[in-house]
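Below: the structure, in structure tokens.
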Amino acid sequence: MAIERTLSIIKPDATRRNLTGAINQRFEEAGLAIVAQRRIRLTEAQARAFYAVHSERAFYDDLCAFMTSGPVVVQVLEGENAVDANRTIMGATNPANADSGTIRASFGETVEANSVHGSDSPENAAIEIAFFFAETDIVG
Ligand code: ADP
Ligand code: MG
4 MAIERTLSII
14 KPDATRRNLT
24 GAINQRFEEA
34 GLAIVAQRRI
44 RLTEAQARAF
54 YAVHSERAFY
64 DDLCAFMTSG
74 PVVVQVLEGE
84 NAVDANRTIM
94 GATNPANADS
104 GTIRASFGET
114 VEANSVHGSD
124 SPENAAIEIA
134 FFFAETDIVG
């Protein structure tokens with residue numbers, strides 16, 4: 004086990020329902036520290052670039068429209084095994100399949116509006132963190 008960092012995004016469906024604090028509580032209770040955080044409105048170009056890996060998927064245009072539909076909170080989480088730990092805290096992509104007690108089971112609305120993003124590997128975490136934060140923005 005190692006101390007890792009992962010990129011988290013609280014998505015527009017969650018900020019719209021004022022769930023930022025409730026979601027952050029899940030991270031902190033599970034032992035992940037929020038070491039950087041910023042509330043922003045993604046531009047269309049940012050959303051398309053961030054989700055470029057999904058550009059061939061049928062849901063790509065809808066996903067980018069959703070992610071620019073309201074404020075998001077981009078954040079860096081730090082802790083033991085943070086990438087996988089956060090995926091466990093988040094739950095499955097489709098809230099209908101997410102284990103009870105996970106963020107997506109508690110708060111997700113649909114497979115698209117599923118409240119949170121989390122990096123899926125340490126390699127992608129480094130890329131995704133650098134997409135939004137300078138090293139000097141992150142205070143561990
Ligand atoms: P995850 O966020 O769990 O890593 P993916 O990387 O597969 O999931 O997908 C990225 C995001 O795209 C999801 O979180 C969700 O918002 C959206 N998405 C995934 N699959 C679908 C789908 N079948 N229909 C609509 N949106 C989807
Ligand atoms: Mg993913």
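Residue numbers (this note's numbering): 4 to 143.
Even for Gly, the Cβ is constructed at its ideal location relative to N, Cα and C.
Quick caveat: nothing in here was measured; it's all calculated off a predicted structure.
For this session: Alpha carbon to alpha carbon, how far is Ser109 from Ser122? Give it in angstroms, no decimals.
Result: Against the sequence shown, residue 122 aligns to sequence position 119. Against the sequence shown, residue 109 aligns to sequence position 106. Distance between the alpha carbons of Ser122 and Ser109: 20 Å.
Exercise. Counting only runs that start and end within the segment 15-81, where is the alpha helix (DSSP H) found for 4 or more residues in a row?
Worked result: At a cut-off of 4 residues, the continuous stretches assigned as alpha helix (DSSP H) that sit fully inside the segment 15-81 are 15-19, 23-32, 47-53 and 63-70.
Exercise. What's the C-alpha gap between Gly34 and Asn100?
Worked result: For the purposes of this step, residue 34 is identified with residue 31 of the sequence shown, where counting begins at 1. For the purposes of this step, residue 100 is identified with residue 97 of the sequence shown, where counting begins at 1. The straight-line gap separating the alpha-carbon atoms of Gly34 and Asn100 is approximately 24 Å.
Problem set entry | Backbone CA spacing between Gly94 and Thr105 [nearest angstrom] | As a first step, residue 94 must be located in the sequence shown, where it is residue number 91. As a first step, residue 105 must be located in the sequence shown, where it is residue number 102. Across the structure, Gly94 and Thr105 are spaced so that their CA atoms are roughly 5 Å apart.
Problem set entry | 8 Å Cβ cutoff met for Pro79 and Val38 | As a first step, residue 79 is located in the sequence shown; it is residue number 76 there, counting from the start. As a first step, residue 38 is located in the sequence shown; it is residue number 35 there, counting from the start. What sits at residue 79 in the sequence shown is Val, not Pro. Yes, the Cβ-Cβ distance between Val79 and Val38 is below 8 Å.
Problem set entry | CB of Val77 within 8 Å of CB of Ala128, strictly | By 1-based counting over the sequence shown, the position of residue 77 is 74. By 1-based counting over the sequence shown, the position of residue 128 is 125. No, the pair does not count as a contact, with Cβ atoms beyond the cut-off.
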